[in-house]
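Protein chains: 4
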Amino acid sequence: MSDHEDVASTDLESLIGPGAFGYFAGGAGAELTLRDNVEAWSRIALHPRVLVDVSERDLGTTLLGRHRPHPVVVAPMAYQRHAHDVGERGTAAAAAATDSLFVLSSQTTTSPADVADVLGESDRWFQLYVFRDRAISHDLVAQARESGYEALVITVDFPVAGWRERDRRTGFRVEHPIALNPSGPPLTTEQLFAMHDPSLTWDDIGEFADAAGMPVVLKGVLRPDDAERAVDAGAAGIVVSNHGGRQLDTTLAGIDALPPVVDAVGGTVDLLVDGGVTRGWDVAKALALGADAVMVGRHVLWGLARGGAEGAEAVLRQLLAELDSTLALLGCPRAVDLDASYVGRR
Amino acid sequence: MSDHEDVASTDLESLIGPGAFGYFAGGAGAELTLRDNVEAWSRIALHPRVLVDVSERDLGTTLLGRHRPHPVVVAPMAYQRHAHDVGERGTAAAAAATDSLFVLSSQTTTSPADVADVLGESDRWFQLYVFRDRAISHDLVAQARESGYEALVITVDFPVAGWRERDRRTGFRVEHPIALNPSGPPLTTEQLFAMHDPSLTWDDIGEFADAAGMPVVLKGVLRPDDAERAVDAGAAGIVVSNHGGRQLDTTLAGIDALPPVVDAVGGTVDLLVDGGVTRGWDVAKALALGADAVMVGRHVLWGLARGGAEGAEAVLRQLLAELDSTLALLGCPRAVDLDASYVGRR
Amino acid sequence: MSDHEDVASTDLESLIGPGAFGYFAGGAGAELTLRDNVEAWSRIALHPRVLVDVSERDLGTTLLGRHRPHPVVVAPMAYQRHAHDVGERGTAAAAAATDSLFVLSSQTTTSPADVADVLGESDRWFQLYVFRDRAISHDLVAQARESGYEALVITVDFPVAGWRERDRRTGFRVEHPIALNPSGPPLTTEQLFAMHDPSLTWDDIGEFADAAGMPVVLKGVLRPDDAERAVDAGAAGIVVSNHGGRQLDTTLAGIDALPPVVDAVGGTVDLLVDGGVTRGWDVAKALALGADAVMVGRHVLWGLARGGAEGAEAVLRQLLAELDSTLALLGCPRAVDLDASYVGRR
Amino acid sequence: MSDHEDVASTDLESLIGPGAFGYFAGGAGAELTLRDNVEAWSRIALHPRVLVDVSERDLGTTLLGRHRPHPVVVAPMAYQRHAHDVGERGTAAAAAATDSLFVLSSQTTTSPADVADVLGESDRWFQLYVFRDRAISHDLVAQARESGYEALVITVDFPVAGWRERDRRTGFRVEHPIALNPSGPPLTTEQLFAMHDPSLTWDDIGEFADAAGMPVVLKGVLRPDDAERAVDAGAAGIVVSNHGGRQLDTTLAGIDALPPVVDAVGGTVDLLVDGGVTRGWDVAKALALGADAVMVGRHVLWGLARGGAEGAEAVLRQLLAELDSTLALLGCPRAVDLDASYVGRR
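Protein chains in written order, with our numbering: chain R, 1 to 346; chain F, 1 to 346; chain V, 1 to 346; chain E, 1 to 346.
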């Protein structure tokens, strides 16, 4: 919490300007969910085990059948060149340097191919918004496939724009979103978000999965019944998420939504969770409650804003060091062995 | 909450004067219920559904057998000319412009006929206080009937005045309450409220319903047993309400009182709820918990105070836009389909 | 709460001096119970009933077999001449003027006879501390009996002094406690409280009851098992109390302790509750939860400090007016008809 | 809480310097557990009993088969010469003067023999960290045995260092830790803590117990299953502890962990609890919930920092006086008779 306050403070605003700052830092409505996303982690208490040999720790997990050295995933985030000139290249480089799975946003300000160049052999997924003009989305998928992105993360909680009052106040305009407006004059987020397709349904998911020829992960599921439908629709993974508190205010936190989703579909698909993760012990809690991995967004972005690729990398390194320390102190040297016995309610 | 703080701030006080401001902004006693009315909404979490076609939204509901384009109702509020010179004509014009059902207070500072002129074809109800001098109340009902008011909202939670310390401090005096003191010198609220009949009982309800020749809605019910008696007494609707926190401090919030009332009488009469509504997602929560519509008072009045009819209209338009957005983001395009699965406790 | 803060603020300190202010305002330890005593009332929500004829209200109750016009009792409070020169005469006059039962403290700074003169025909009880030198206590009982005090309120939660850090800081010294040190130099509260008998047991209660020849009320019971023992010991009444938060910090609030006591002995003896009462609706909550009456201490004392007898009377009048208003707004015109259906948890 | 704030305030920082202050005052991560350790006590309400003869109080308890005059134990704390020049000699003298059991840390800055000289006949235990270089630990045990330490408190919650951000900020370096670096240049805590053995398991406990020839107490257990393993491993006692909130942030508080541990192993081994104890009534709550004794760390250390041996002694005397007062006011004159009936949830 204090951490979040800290990184979301005034000097970032002066660093990247009020428009971009408001866009990245802000949430929907009165931002109650934005705050709850962070506080929700602190309502979960850790119950450490003692006298376990923790001289070797293994942070590894498995996502979509591939081994990952650790469960931290860089969340898809739009318009990263508004946080730092280096943009998506910076977070991608940080991901590659830390063996973090990188997820590129459809609303990228750098092309999928250019980001892939930075990533090299490092794993990557591509996040997809389905736009009213579906050709744009299909073209993005084609670009992603060509550049070696291995899964498609379809965001399902953005049929329309969230109610974001900061953007209205600042009049923030986006430059260079390569898919939607590569060369025109800057657009407001309202204009950009109006291009999202509000008629997207379960039927469309299969279509995109087939066309993509890669596994599909659905991002933005909060209800166990929707999780079951996701499994029925052939999803290989689910991101339990409220979109960083940016869509609908007072929506429950991802980590609070996770346990019923685990009860409904745990073990049949990979589960990720996001929202308010700033500490390695948050990651451990997510795993203990049944997640296979955790997406981290703003926390990495503030690193990018402060120090480019190095700044983002430093954030990821600290998070991983904290997770490593947490496994040792929990007496659970292998991340995959975390279970509900390690957590309780505060 | 922040919103409420915002609109109830000092500049409104300087705009309309401390007496009127204290009267409109204030609540009973230490104003714990006044605050709880707003906070109660934030204790309810939203559980959105995804991948529903929300390209078309329908905010419509049905009240007293008539279709309404949306569930937002302008609550009856006294003495509106103290908020702005245009008074009830302003809120009525805002209601008409936004297809909001308008409820005129017995304590109006504009005649029912003049308000009806502004409303034109727009739907309207009339709120009734039963005064010790019942002739005054009967005369008001007659005026309402003549001017096309379609239902009688009898307020049942005002046998005596609430314990309002702000009015005592400011010595606020009311000008032009047309029913009680059309031409005399200004009276204090204490003097005006002393005209209310504290002996009103269930037996009287039928009498007024018969005399009015229109459906009766009882406003101010909080207990399921009283809701059952209201149904037995022939009420067509109930407003679950604590009178905006203005009557008895530490009374439970309307939205907290709603679920037991729904359990007791849901489906047999129309249910409205009020108290602290400032956001479109508050409205969605009320519907999800079983209300058919929501009354909005102070929030509209502050719009009136700031900008007359246009100010009140802007408030209503934002509320409806937020509700529309909420339906899209909840994956529930028709307001009438909201149910308890969309909400939980935070 | 705000109210309490308000009356316990700096100007009272300058009015009566830091020593007396610390003594009266303070509580034990970190004063968590002192605050909780006030907050506990606000955790109880009121559930009003509507359409009841409340044109006539009856605040009456019965205590020790005698009708009382209302349930507000002036609590025994020590050293009142340190709050105002008029001392116990002032609160007694206020009690008489408002038909409030008055309870005189053993630690009075005015003789029982002089207080009785002020009270005239008004009802009075006498509070007894049992001192190591029991002759002092027996003498006090004799004085009380002679001056028409009708019951003996034996305080049972003061075997030793509470841990009061304000008194240590200020070095407050008491003048004129007539029973313990009528003419010597001022003593600290530590010196005075060391005179209490820490060996007092249930066996002693009967002895004092027999000697007094009047009904005995035990003040300071918080546990249902102790309440049962009080009944077995012949007590006619019990005051559920944590001594105003002045004895043992983090002790539960009287109103939170009341329901189990009611379950254990309700109906067999009279039950009073105290601690943090500042509002008429607090009194109504106590009655709804099973109390027969409520003791009010500091709230009356601050009235005394500010305005002597008139100040104390004004406090009592407002409290009674608020209670009257609460009965009307709860739809429960007779105080004795309040029951648990009128309250819930917030 | 206020108390804790008070003692952890700026003047201590200027007294002992920011490095030492940060080391002693700080906790892991965002210090949520550090705060919760103190707040957890205030969530427990006391339920006093009345009319018990409390003229004589007996604070005595039994630890490892030996009678103790009271249940307050001075917790093992590292590097005490950084709090005051007199270092461990000061707290040992305070313990001896107040008949408090003293536990010397492996990370002492004074030799076990020199501390034993100060303690004289007073009871003492020795806390053991198991280092990678086990010879160091075995040598410490030998020194302890020779100097009359009667039990070995093996800390089991320190396989690796906690995530302590204050030390990183201040760059605090430790002088004179006699076991690890008696004569070299000062080391950072990171360097010192890297000497701890992260491979320590249950099997090692028996080895050390056998070598020590004295009873073993395990410090840092929070889970009932670990408590059962401790009993199986032959432990004579358990300290339920989160290491003063210094190891893993958001770990549950010791007092919240105690009841399940009591359910699992109560009566078969001695149970101590620590974390955030600053008041005598905290001690009483621990005993009521099943502890045999309570360790007090920082609270004593701040006394040492402020006033050397006299300062530490004053803290212990006040704590014991508060406990004595609490027993009287709870109506439970013998500490060993405290049980769950005296406590509840606030």
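For every residue, glycine included, the Cβ atom is placed at its ideal position computed from N, Cα and C. None of these values were measured; they are calculated from a predicted model.
Same chain only: Cβ atoms within 7 angstroms of residue i, ignoring 5 sequence neighbours per side
{"i": "S105 of chain E", "result": "P76, M77, A78 and Q127"}
{"i": "F21 of chain V", "result": "L12 and E13"}
{"i": "L338 of chain V", "result": "A284, L287, A288 and C332"}
{"i": "D282 of chain V", "result": "W41"}
{"i": "T268 of chain F", "result": "V231"}
{"i": "E88 of chain V", "result": "Q80, L104, T108, T109, T110 and V115"}
Sub-8 angstroms separation of residue i and residue j beta-carbons
{"i": "R346 of chain R", "j": "R43 of chain R", "result": "yes"}
{"i": "L119 of chain V", "j": "A95 of chain V", "result": "yes"}
{"i": "N37 of chain V", "j": "A253 of chain V", "result": "yes"}
{"i": "G303 of chain F", "j": "G266 of chain F", "result": "no"}
{"i": "P198 of chain R", "j": "Y149 of chain R", "result": "no"}
{"i": "G311 of chain R", "j": "G275 of chain R", "result": "no"}
{"i": "S241 of chain V", "j": "G220 of chain V", "result": "yes"}
{"i": "Y129 of chain E", "j": "F102 of chain E", "result": "no"}
{"i": "T189 of chain F", "j": "T33 of chain F", "result": "no"}
{"i": "P177 of chain F", "j": "L192 of chain F", "result": "yes"}
{"i": "L348 of chain V", "j": "L200 of chain F", "result": "Only positions 1 to 346 of chain V appear in this structure, which leaves residue 348 of chain V out of reach."}
{"i": "F62 of chain E", "j": "A335 of chain E", "result": "The sequence shown places Thr at residue 62 of chain E, rather than the Phe named in the question. It is not a contact, given that the beta carbons lie outside the stated cut-off."}
Backbone secondary structure at residue i - three-state DSSP
{"i": "D339 of chain V", "result": "coil"}
{"i": "A93 of chain V", "result": "helix"}
{"i": "R124 of chain F", "result": "strand"}
{"i": "V38 of chain V", "result": "helix"}
{"i": "T62 of chain F", "result": "strand"}
{"i": "V86 of chain F", "result": "coil"}
{"i": "V74 of chain R", "result": "strand"}
{"i": "L51 of chain E", "result": "coil"}
{"i": "R345 of chain V", "result": "strand"}
{"i": "A116 of chain R", "result": "helix"}
{"i": "A28 of chain V", "result": "coil"}
{"i": "R68 of chain V", "result": "strand"}
{"i": "R57 of chain E", "result": "coil"}
Closest residue to residue i among the options (Cα-Cα distance)
{"i": "T326 of chain E", "options": "E:A20, E:A45 and E:R246", "result": "E:A45"}
{"i": "H138 of chain R", "options": "R:Y23, R:D210 and R:G331", "result": "R:D210"}
{"i": "L272 of chain V", "options": "V:L59, V:V72, V:F172 and V:T33", "result": "V:V72"}
{"i": "E228 of chain F", "options": "F:G308, F:E190 and F:W202", "result": "F:W202"}
{"i": "R168 of chain F", "options": "F:R317, F:L187, F:G90 and F:D114", "result": "F:L187"}
{"i": "A230 of chain V", "options": "V:G297, V:V153 and V:Q247", "result": "V:V153"}
{"i": "V86 of chain E", "options": "E:L323, E:G307 and E:A340", "result": "E:G307"}
{"i": "V216 of chain E", "options": "E:A321, E:R145, E:W163 and E:P224", "result": "E:R145"}
Proximal residues to residue i (C-beta, below 8 angstroms), its chain only, five neighbours per side dropped
{"i": "P48 of chain E", "result": "L329, L330, G331 and Y342"}
{"i": "D53 of chain V", "result": "P333"}
{"i": "E313 of chain R", "result": "A93, A94, A97, T98 and G303"}
Own chain partners of residue i with C-beta closer than 6 angstroms, once the 5 adjacent residues on each side are dropped
{"i": "L316 of chain E", "result": "A94, T98 and S100"}
{"i": "P18 of chain F", "result": "T170"}
Residue i CB to nearest heavy atom of the ligand ZN below 7 angstroms
{"i": "I44 of chain V", "result": "With respect to the ligand ZN, the structure shown offers nothing to examine, as it has no ligands at all."}
Where residue i meets chain A, residues with beta-carbon distance less than 7 angstroms
{"i": "Q247 of chain F", "result": "The structure shown has no chain A; the protein chains it does contain are R, F, V and E."}
Self-check item: beta strand (DSSP E) runs wholly inside the segment 215 to 290 of chain E, at least 3 long, in chain order
Solution: 216 to 221, 237 to 240 and 270 to 274
Practice problem: Scan the segment 130 to 211 of chain R and note each continuous beta strand (DSSP E) run of 3 residues or more that stays entirely inside, going in chain order. | Solution: 152 to 155
Quiz item: Which residue spans inside the segment 294 to 330 of chain V form an unbroken alpha helix (DSSP H) run of at least 4?
Solution: 298 to 330
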